[in-house]
Amino acid sequence: MTVGQFSVRIGAALLAGLMVGCGAAPPKAEAPVASPSASPASLSPAATIAEIQRSPVFVRLRQTPQEQPAQKGMGLQIGDTIRTQDQAMAQLDLSNGLAFRIGGDAVLTLQPDNRLNLAAGSMITWVQPGQKVPTEIVTPIGVAGIRGTTVHVEIPKDPNQGTRFFAWEGLVSVRLPGQTEEIQLRTAEEVRIKPSDRDLNTVRQRIRRIPLTEWRQKRQSDQLLNGFRGRITTQTIIDRIKPGQVTLSDPVPTPPAVPRPQPVAPTPRASQPSPTPAASPTPVASPKPPAPQPANPVKPQAASQPPRDRTAGKAPKLKPPEKQRDREKPRGRGERDDDDRKPRGNQGDGRKPRGRSNQGDDDRKPRGGSNQDDDRKPRNYGDDKDDDNRSRGSRGGKRDDDD
Numbered sequence: 038m039t040v041g042q043f044s045v046r047i048g049a050a051l052l053a054g055l056m057v058g059c060g061a062a063p064p065k066a067e068a069p070v071a072s073p074s075a076s077p078a079s080l081s082p083a084a085t086i087a088e089i090q091r092s093p094v095f096v097r098l099r100q101t102p103q104e105q106p107a108q109k110g111m112g113l114q115i116g117d118t119i120r121t122q123d124q125a126m127a128q129l130d131l132s133n134g135l136a137f138r139i140g141g142d143a144v145l146t147l148q149p150d151n152r153l154n155l156a157a158g159s160m161i162t163w164v165q166p167g168q169k170v171p172t173e174i175v176t177p178i179g180v181a182g183i184r185g186t187t188v189h190v191e192i193p194k195d196p197n198q199g200t201r202f203f204a205w206e207g208l209v210s211v212r213l214p215g216q217t218e219e220i221q222l223r224t225a226e227e228v229r230i231k232p233s234d235r236d237l238n239t240v241r242q243r244i245r246r247i248p249l250t251e252w253r254q255k256r257q258s259d260q261l262l263n264g265f266r267g268r269i270t271t272q273t274i275i276d277r278i279k280p281g282q283v284t285l286s287d288p289v290p291t292p293p294a295v296p297r298p299q300p301v302a303p304t305p306r307a308s309q310p311s312p313t314p315a316a317s318p319t320p321v322a323s324p325k326p327p328a329p330q331p332a333n334p335v336k337p338q339a340a341s342q343p344p345r346d347r348t349a350g351k352a353p354k355l356k357p358p359e360k361q362r363d364r365e366k367p368r369g370r371g372e373r374d375d376d377d378r379k380p381r382g383n384q385g386d387g388r389k390p391r392g393r394s395n396q397g398d399d400d401r402k403p404r405g406g407s408n409q410d411d412d413r414k415p416r417n418y419g420d421d422k423d424d425d426n427r428s429r430g431s432r433g434g435k436r437d438d439d440d
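Shown next as structure tokens:
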């Protein structure tokens, strides 16, 4: 074999090898692309409807634009919306330990990162005791943050009344949308945020702690607490905690003093300046001439006072009436006071006087015995007295000398 033939064969072999190596590989099967509207069946629901009170309650899934009636046990995913109508209420339990109840005419959407977007109505949210699940309740006017507490949020039908945030137990943080500064609400404290609020200090002045009596009445009459068959897991804490406490072990604080705004004095208008009063000239007092003084001033003598009447003001003492002594003349025996009256012992019946019947009027001796002189006159006072005394003596009683 010549060199030329050998070269030809080698070239043919190399060409055949190149043709085999450059052959096309068989096409591979493409993997199916998942549709964005399809929801994998293996994903667990983010929330479950635990209870429904007084229908109707509707659910709108994220993939479907239309609502469908809600049923107990239905699961909801992130992005789904639940709505109540009229007096209907519903309770949802989340898989992370969070739970909430919504009242009538409420609209709520589940969002990522434990955020609940409340667009209308009222709701109460709590965390299972012992768990710390950072959760935010977002409203068009304010945001409430809870850390293992129970909070009530209410959006009135008139937004100008302000969204109400109320702490049932624990500590609740409230802030304005787009701001990081927060205010703290303790148990039984509430605050309202209005659409025109931009300053958080103004909102802080509206914090109100309801008194214990109102706290107890609200606890017994609140529909979101008592309108369901079951009790929320923090109900035992709410029944025992007092207004102002954060936990049951905290002392009961005194209600904070709410600062009152000071009235602002009106400022005068620039166009109407207040007139300044003209200064009046100060009158100069003229000096008074000195009063003339006498050379020998006479001191005035004190006026003589009348003697003091010691009986002034005292009642006069009345002397007892003197006893009238019997100064009547003793009546003589056989003597008459007048012509019509006879002496004692001679009554005109012919009898003689008692005792000394043998003696006459002329022979009667004076009182004191028969040994006295004849010149001594008997004791007879009738001659010295006037007729008046004799008549007065006649009215007196007769004295019995014999006795």
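In the numbering used here, the protein residues as written are 38 to 440. The beta-carbon is built from N, C-alpha and C at its ideal position, and this holds for glycine as well.
For residue j and residue i, the rounded distance between their alpha carbons
i    : j    : result
R277 : D117 : 36 Å
D101 : I274 : The residue you asked about is not Asp; residue 101 is Thr in the sequence shown. About 40 Å.
I220 : L237 : 8 Å
V289 : V228 : 20 Å
E173 : V164 : 12 Å
I247 : L80  : 44 Å
T271 : N197 : 32 Å
R256 : T121 : 23 Å
K231 : T85  : 33 Å
I139 : M160 : 4 Å
R268 : L249 : 22 Å
Local conformation of residue i per DSSP, three classes
i    : result
L80  : coil
S258 : helix
V289 : coil
Q105 : strand
Q198 : helix
L213 : coil
V283 : coil
L208 : coil
I178 : coil
T186 : coil
R442 : There is simply no residue 442 to check, as the chain begins at 38 and stops at 440 in what is shown.
Beta-carbon contacts of residue i that lie in its chain and below 6 Å, excluding the five residues immediately before and after
i    : result
Q168 : G134
R443 : Outside the modelled stretch of the chain, which goes from 38 to 440, sits residue 443, for which no answer is possible.
P177 : none
N154 : T146, Q148, V175
V144 : R120, A156, A157
A225 : R246, I247, W252, P280
K123 : According to the sequence displayed, residue 123 carries Asp and not Lys. Closer than 6 Å at the Cβ level, and outside the excluded window around D123, lie G141.
I115 : A83, L147, P149
One or two residues paired with residue i in a DSSP bridge
i    : result
G112 : T85
R120 : F95, V144
E191 : S159, R201
Cβ of residue i within 9 Å of any chain B Cβ
i    : result
R223 : As a matter of chain content, chain B is missing from the structure shown, which is built from one protein chain.
Residues of its chain near residue i, where Cβ-Cβ distance is below 7 Å and the 5 sequence neighbours each way are ignored
i    : result
F137 : L129, L153, M160, I161, T162
L131 : A83, A84
Close Cβ partners of residue i (< 8 Å) along its chain, the five nearest in sequence each way excluded
i    : result
A181 : E173, I174, V188, V190, F202, V209, S210, V211
E88  : K109, A127, Q128, F265, R266, G267
What are the start and end residues of each continuous beta strand (DSSP E) run of 3 or more residues lying completely inside the region 124-175, in chain order?
-> 126-131, 135-139, 144-148, 152-164, 171-175
Could you pull out every unbroken beta strand (DSSP E) segment of at least 3 residues lying fully inside the region 225-279, listed in chain order?
-> 226-230
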